[in-house]
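**Q**
Chains as they are written, first to last, in the numbering used here: chain A, 1 to 940; chain B, 941 to 1410.
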């Protein structure tokens, strides 16, 4: 029997012949004909014309034939909806068949037919099948609910299938549970708001039990679902981890990776002091290493994930460097990934081995791999200072090989090494210059030009070298042009006398003859700088450059945290959030790591967890060439095109005298400028927008009747650079009992922004938006909008560190952005915070003395009355005032939105500008923030 | 989840196309062909994203299997599934080739319908599948048979069906270890590890409860601590006799939570051949052989190669079926070989000299020398100089692993097995004789345990050191 013959029929009139065969009386002939039809379908021929004839074959006892007909139906039903109805009866009948295999087959197939009329008939059979006595039918029906939901979500909800599906999580059969979990997870993903997968400790326990019993695939569904659960405390997290760890020994790599995901996520919640935390870290390494002996495709997935894990928790694999050494027969994609991880794990302890390996790799055959190896040597130099010297000499050896791409790659990395260790390895410049002619790649040319410009004073013929590049200026790529422009300006500032002509030439090439706006703008900036204030130009252009960080190509921490939640999935392979490659609503839901629930002993310092580090400490990434001075161009010069184009018409281009004045002043004299091409200096850029507001409220505070507390000027919370052009600045205010977040959204991108939405993470006082973020019209480029977002304090509460930390997510049509900000505590002081005198005295005594904290408020010149009224404006009420030995004692009370009372004693000496503040509170951890609030209110 | 699955031949013609999700259109079939199969460059990644659609592919000989999706699926799962799909197909019709796929396309569609539902992998164990996907047309089963099938497919022991009967109960165990060795050009061992596989062939009746033991350091230490009177025994086991296993993974039949808590390996095996476990060790590896190559370039058209192998184990032991594979440059025109022992042959199709020795005792040395004639080429592409590799069987494991296994056959079977049951539970087959891998028969009637040991040693840098230019 050879079925392959079905693939070869290409006669004319085939369809007619098939039609006749399909209607044959002989069963065997019928079956043959259906097989031919399926084969034609597979290779892409249109056999939809045979629809009625094929459907006629459906009523048969032969299961094989039935399956073939079903396959045909699934493919063509959509194009022939009216005809598909003919099949319904058979389906409904099959769903009642005594054979469970046939019942399941019918319900499975029906769910794949996306025709409304059929879907209607599906509901009743599906309901029965979900409660079928046979687990095989139930597990098939569970998946069918997901199919139906994909066709008609409303129908599924109306028919109550979701509840039935939820019940299946408690089914006695593990496979039914697993499929129900998979179906629910998928449905929940398209309804991020719904609480479908209502995971609680009981249901988690059921899942963990099923985990031990179901198929390998079921284990993956369950683990992936578990990863979305947020344990209520560290104890629960630990107990789940304990029950998930055995999965790390599973032969199926996907089970292992999903288990790793759960562990990596829940580990966030465990305290580092815990013994268990250390045990878990140790347990993670071996299975990750074992993944590297899987098939190459899986190794690739594993390596992409290990790359993330190493960035998040370098301690796990720090001793495992050797397993990442490249094997001869590794496919190229595995080699490249291994190389990446080797660099991440390189440290002083293992650098010798790593370097020996890299040197070896640099002589391999694959060009990409060799390049990456050369680059890796440079990265080692930057990362491990002790090895820098050896790395540089290795690179020089490689340059001697004269292999073109090796040389170019080496020059690119040497440039970075120069930046990391200034004034250390410049002796090699001569060798580099020898290879100038062989450089044909833009990146290498740009790097070389940068080196020449940066060290112009040490290279005798720097002007000649740069001039040689200038000849073909217009044929160069943008990054080379930009670099050449900057390099020549640097050269000019260092050796003004000899290079005047050169700089004029490059400026005119950049501004006059180029169509590239970036190049023109940079040209004009230099031009203006040089002509208005050459000393300033020197300061700007030759400014000391910030050191580059050790780690390069790091993934941004928030993205990294998100990707950790997607371990094992495509997102972790692409290193991109799902929203970047998934269409529609799925995957838009952002995931984040759970915050560490440190026990109450004290706020844990986030010294080791990179996610907790303030943004400022994030290592910056080596900028690509062309960005080195790119920052200059980020200055917004107000309305575009004012000076420069005019200047081109008024100033004769190429005039020798163009920079004459500048030259004088550079050399020492204070010459005046005659022909500055620019007309205006950039006006004040980015003045704090709301600075006036503060003063306004000072007045009201002084009066003390109008209830509105002090409002700090707006500060930038989210810089445009981090949010694809969206800048958010804002502040918090409290007026007449309501808290609001006053925001200014500025669009600094080139496209219109719309669909804004905002969300807060759980926080210490349950702050949450009381209304959605209303931006009425789409925000055009360069436009700003001011919004006052009302807040309430009924959101979910979670202690943050610092206490007043608020994590915010803002979404627009481009992406979702995250930032965190600190809110002043006085926005939480409620209006009825005035305590009765008696009550105050009693409470003061009642609170133990160890809860009292003292602070000093320095440099405040107000008198007691002014202080009192100013504080009252922010709902800090003075209950009594006493004068003791010339000192004014103010007794004050305030209440926070969550009902915490704070009692204060403020001591003011007329002659002394420093006040003493004693705070008593049952929750002493707030005291420090109350003090900050006092200070802010009194000083503004 | 998986949106569709396609199988192509080497030309990029579709052999099988099964779409599970509505978001995957017919154009996806062509997109993969154009962008991956017909791509000029070598494949740079097993995952390709084309127009927001992701393609996962694996290749088996000339056949491409591609899974397609538009969602953020579990990538590891998709690849595991593709491998599984290959296993299932191989189990049904042998080698995965264009011919076989075309001949069995109806079967493949039926399988695909069963093991993937809406893109979610379902039970894919061949043992279970073969009970109801037969291609013989399902004969009218009895009700019991039907429910037996469904309970097995969905059950906890999805990999084994009930009611298996054998006249002879047999169990074979193979330990296959491959030693991966990385040497510096100076001959210094940079890293070495053994990755081992325990492959079991079980032909046992009923639902046998098996236990598998090995001289794992942790277990032996545990036992030592556990019972005082066993100390004598554990001393035997400890020291050199126990090995430190870095990590191991198990077939899904092994109860993982039990391994995690007690470190005991217990399971009900699938019928037939399967891979019970994989393990990895890095400490105290015995390297059974040393390979010393010497290469001399004589002019531009001639290479002289000399390879010496030294066996590095007790003289009383014998290594068997030794095969050394020495890669030759692509522009080789002819080879002349002389070897002291065994037979050597140049295989042009494999670009290698294959040297076979039947038997070799410990602490011996043997050598081969070859003259390789090269065609003058102006091909600039460098020869990648693949490593020399060798295969052999030795009566010990380079990692030092030793195995104890125990099979309890529980009494859910018809008559003849009652008797065996009593004996079976009592009988433990312990293999820990000093030489480790000698044959020993069990007391069980008809029971038989066979082992053989296969080793493989790869020296990644095939041409260390002696690369001399003249």
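Note that the Cβ used here is the ideal one computed from N, Cα and C, for glycine as well. The structure presented is a predicted model; accordingly, all values stated were derived computationally and were not measured.
Beta-carbon within less than 7 Å of residue 170 of chain A's beta-carbon, same chain only, minus the 5 sequence neighbours each way: which residues are those?
**A** 206
**Q** So with CB distances below 9 Å, who are the chain B contacts of residue 258 of chain A?
**A** Result: 1014, 1016, 1017.
**Q** Rank A:395, A:834, A:796 by C-alpha distance to the C-alpha of residue 408 of chain A and give the top, closest one.
**A** A:395
**Q** Measure from the alpha carbon of residue 1037 of chain B to the alpha carbon of each residue in B:1220, B:1341, B:950, then state which is nearest.
**A** Looking from the CA of residue 1037 of chain B, the closest CA among B:1220, B:1341, B:950 belongs to B:950.
**Q** Counting only beta-carbon atoms, is residue 1009 of chain B nearer than 9 Å to chain A?
**A** yes
**Q** Please say whether residue 792 of chain A and residue 768 of chain A have beta carbons closer to each other than 9 Å?
**A** yes
**Q** Identify each residue in the region 276 to 308 of chain A for which the Cβ-Cβ distance to at least one residue of chain B is less than 7 Å, and report them in chain order.
**A** 286, 287, 289, 290, 293, 295, 297, 298, 300, 301
**Q** Kindly list the residues whose CB is nearer than 8 Å to the CB of residue 561 of chain A, restricted to its own chain and excluding five residues on each side of it in sequence; keep chain order.
**A** 312, 592, 593, 611
**Q** Specify the secondary structure class of residue 1035 of chain B as computed by DSSP and reduced to three states.
**A** In the structure shown, residue 1035 of chain B sits in coil (DSSP, three-state: anything other than H, G, I, E or B).
**Q** Check each candidate in A:723, A:798, A:883 and name the one with the smallest Cα separation from residue 953 of chain A.
**A** Here chain A comprises residues numbered 1 to 940, so residue 953 of chain A is not present and cannot be evaluated.
**Q** Whose CA, out of A:490, A:821, A:391, A:309, lies closest to the CA of residue 803 of chain A?
**A** A:821
**Q** For residue 1006 of chain B and residue 72 of chain A, I'd like the C-alpha separation in whole angstroms.
**A** Roughly 21 Å separates the two Cα atoms.
**Q** In the region 395 to 459 of chain A, which residue ranges form an unbroken alpha helix (DSSP H) of at least 4 residues, counting only runs that do not cross its ends?
**A** 404 to 420, 429 to 434, 442 to 454
**Q** Given that residue 245 of chain A touches chain B, what residues does it touch there, using C-beta distances under 8 Å?
**A** Chain B residues near residue 245 of chain A: 1200.
**Q** Shorter than 9 Å from the beta carbon of residue 6 of chain A to some beta carbon of chain B?
**A** yes
**Q** Mind checking whether residue 944 of chain A and residue 514 of chain A have CB atoms under 9 Å apart?
**A** Within the shown structure, residues of chain A are numbered from 1 to 940, placing residue 944 of chain A beyond reach of any answer.
**Q** Assuming residue 1223 of chain B and residue 1263 of chain B form a contact by the criterion Cβ under 8 Å, report the distance between their Cβ atoms to the nearest whole angstrom.
**A** That belief does not hold up - the Cβ atoms of residue 1223 of chain B and residue 1263 of chain B are roughly 28 Å apart, past 8 Å.
**Q** Which same chain residues, not among the five before or five after residue 704 of chain A, have their C-beta less than 6 Å away from its C-beta?
**A** Its pLDDT being 37, under 50, residue 704 of chain A is placed unreliably by the model, and nothing is read from it.
**Q** Under 8 Å: do the region 220 to 227 of chain A and the region 979 to 986 of chain B share three or more Cβ pairs, one atom per stretch?
**A** With the cut-off at 8 Å, the region 220 to 227 of chain A and the region 979 to 986 of chain B do not touch.
**Q** Quick check: is the beta carbon of residue 1357 of chain B nearer than 9 Å to any beta carbon in chain A?
**A** In this prediction, residue 1357 of chain B has a pLDDT of 28, which is less than 50 and means its spatial position is unreliable; nothing more can be read from the coordinates.
**Q** Looking at the structure shown, is residue 17 of chain A part of a helix, part of a strand, or coil, going by DSSP?
**A** helix
**Q** The beta strand (DSSP E) that contains residue 746 of chain A, what's its start and end?
**A** Per DSSP, residue 746 of chain A belongs to the beta strand (DSSP E) from 738 to 747.
**Q** Using 9 Å as the limit for Cβ to Cβ distance, is residue 936 of chain A near chain B?
**A** no
**Q** Which residues mark the beginning and the end of the beta strand (DSSP E) in which residue 1130 of chain B is found?
**A** 1129 to 1143
**Q** Using a Cβ-Cβ cut-off of less than 8 Å, give me the residues of the region 1084 to 1115 of chain B that come near chain A, in sequence order.
**A** For the region 1084 to 1115 of chain B, the set of positions with a beta-carbon nearer than 8 Å to some beta-carbon of chain A reads 1086, 1087, 1089, 1090, 1091, 1093, 1094, 1095, 1096, 1098 in chain order.
**Q** Please decide whether residue 119 of chain A counts as near chain B, where near means a Cβ-Cβ distance under 9 Å.
**A** By this cut-off, residue 119 of chain A is not an interface position.
**Q** Can you name the residues of chain B whose CB is closer than 7 Å to the CB of residue 216 of chain A?
**A** 1192
**Q** Measuring only between beta-carbons, confirm whether residue 1271 of chain B sits less than 9 Å from chain A.
**A** Residue contact check for residue 1271 of chain B against chain A: no CB pair falls below 9 Å.
**Q** Would you mind sorting residue 52 of chain A into buried or exposed? The rule is 16 or more other CB atoms within 10 Å of its CB.
**A** Around the CB of residue 52 of chain A, fewer than 16 other CB atoms lie within 10 Å, so the residue is classed as exposed.
**Q** For residue 749 of chain A, I'd like the list of residues in its chain whose CB is within less than 8 Å of its CB, leaving aside the five on either flank, ordered along the chain.
**A** 720, 724, 725, 726, 781, 814
**Q** From this set, A:763, A:327, A:377, which residue's C-alpha is nearest residue 799 of chain A's C-alpha?
**A** A:763
**Q** Which residues of chain A have a Cβ atom closer than 9 Å to the Cβ of residue 954 of chain B, listed in chain order?
**A** 42, 43, 44
**Q** To which residues of the same chain is residue 18 of chain A closer than 7 Å at the C-beta, ignoring the five residues directly before and after it?
**A** 33, 36, 37, 50
**Q** Do you know how far the Cα of residue 93 of chain A is from the Cα of residue 581 of chain A?
**A** 42 Å
**Q** Residues of chain A with a CB under 9 Å from the CB of residue 994 of chain B: which are they?
**A** Those within 9 Å of residue 994 of chain B in chain A are 570, 573, 574, 581.
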